[in-house]
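*Asks:* If you want this note's numbering, it's the 1-based position in the sequence shown plus 151. Yeah, the Cβ is synthetic: ideal placement off N, Cα and C, and Gly gets one too. Treat the numbers as computed from the prediction; the structure is a model and nothing was measured. First the structure, then my questions, so here it is.
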Amino acid sequence: MGGVTSWTLPSLSEILTLPIDELLSRLKTSLSGLSSDEAEARLKIFGYNELVERKKRTAFIKFLFHFRSPLLTILLIAGLISGFFEETVNAAIIFSIVFASILLDFYQESKAEMLNA
Numbered sequence: 152m153g154g155v156t157s158w159t160l161p162s163l164s165e166i167l168t169l170p171i172d173e174l175l176s177r178l179k180t181s182l183s184g185l186s187s188d189e190a191e192a193r194l195k196i197f198g199y200n201e202l203v204e205r206k207k208r209t210a211f212i213k214f215l216f217h218f219r220s221p222l223l224t225i226l227l228i229a230g231l232i233s234g235f236f237e238e239t240v241n242a243a244i245i246f247s248i249v250f251a252s253i254l255l256d257f258y259q260e261s262k263a264e265m266l267n268a
């Protein structure tokens with residue numbers, strides 16, 4: 152097998168329609184798998200098949216990210232406008248709904264992350 156110098160994966164439609172021999176040739180492999188040399192070469196080029204661990208956000212940052220929702224932004228603006236026109240009851244109701252929504256989203260996301268960990 153030749154080294155992996157130019158690597159282009161065939162598209163899914165090509166994979167499904169190519170004859171086996173041609174597909175194996177394009178993938179630079181065989182029915183028995185990669186040779187040790189080829190596996191080592193690909194390991195040097197592509198690295199280990201590992202997920203990159205992302206930097207974890209603090210709970211406060213995760214909480215703040217929930218304010219990015221367009222609907223919540225509209226509700227916050229509506230609450231501010233209500234407060235500006237001294238409709239304090241309406242403003243309080245709107246802000247309560249926004250806060251409850253964010254708390255619920257935050258709780259559900261935290262619970263899902265704990266289950267996923």
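Quick one: what's got a C-beta closer than 6 Å to A242's C-beta in the same chain, skipping five residues either side?
*Replies:* Residue numbering aside, residue 242 sits at position 91 when the sequence shown is read from its first letter. For A242, where only same-chain residues beyond five positions count, the Cβ hits under 6 Å are G230, S233, G234.
*Asks:* DSSP state of F236, grouped into three classes?
*Replies:* On the sequence shown, residue 236 is found 85 positions in, with the first residue counted as 1. Looking at F236 - three-state DSSP - the assignment turns out to be coil, as it is neither helix nor strand.
*Asks:* Name the residue from S181, L163, S164, S162 whose alpha carbon lies nearest to the alpha carbon of I171.
*Replies:* Start at 1 with the first residue of the sequence shown, and residue 171 comes out as number 20. For the residues S181, L163, S164, S162, the minimum Cα distance to I171 belongs to S181.
*Asks:* Can you tell which of A190, S186, I253, L174 has the C-alpha that lies nearest to the C-alpha of P221?
*Replies:* Your numbering for residue 221 matches position 70 in the sequence shown. Minimum Cα distance to P221 is reached at I253.
*Asks:* Cα-Cα, which of F257, E201, F197, S247 is closest to L227?
*Replies:* Indexing the sequence shown from 1 puts residue 227 at position 76. Residue S247 is the option with its Cα nearest to L227.
*Asks:* If you count every other CB in all the chains shown that lies within 10 Å of the CB of V249, and 16 or more means buried, which is it?
*Replies:* Translated into the one-based positions of the sequence shown, residue 249 becomes position 98. Buried is the call here.
*Asks:* I need the straight-line Cα distance from K262 to S176, nearest angstrom please.
*Replies:* Mapped onto the sequence shown, residue 262 falls at position 111. Mapped onto the sequence shown, residue 176 falls at position 25. Rounded to whole angstroms, K262 to S176 spans 47 Å at the Cα level.
*Asks:* Which of the three DSSP states, helix, strand or coil, is assigned to L194?
*Replies:* What you label residue 194 is simply residue 43 of the sequence shown in a count that begins at 1. DSSP places L194 in helix when its eight states are reduced to three.
*Asks:* Once the 5 residues before and after F218 are set aside, which same chain residues still bring their CB inside 8 Å of it?
*Replies:* The sequence position of residue 218 within the sequence shown is 67, counting from 1. Around F218: T224, L227, I253.
*Asks:* In whole angstroms, give me the CA-to-CA distance for F214 and M265.
*Replies:* The count along the sequence shown starts at 1 and reaches residue 214 at position 63. The count along the sequence shown starts at 1 and reaches residue 265 at position 114. Spanning the two alpha carbons is a distance of roughly 16 Å.
*Asks:* List the endpoints of the continuous alpha helix (DSSP H) containing R177.
*Replies:* Your numbering for residue 177 matches position 26 in the sequence shown. From DSSP, the alpha helix (DSSP H) with R177 extends over 171-177.
*Asks:* Give me the Cα-Cα distance between D256 and V240, rounded to the nearest whole angstrom.
*Replies:* Within the sequence shown, numbered from 1, the residue matching residue 256 stands at position 105. Within the sequence shown, numbered from 1, the residue matching residue 240 stands at position 89. Their backbone Cα atoms lie some 24 Å apart in a straight line.
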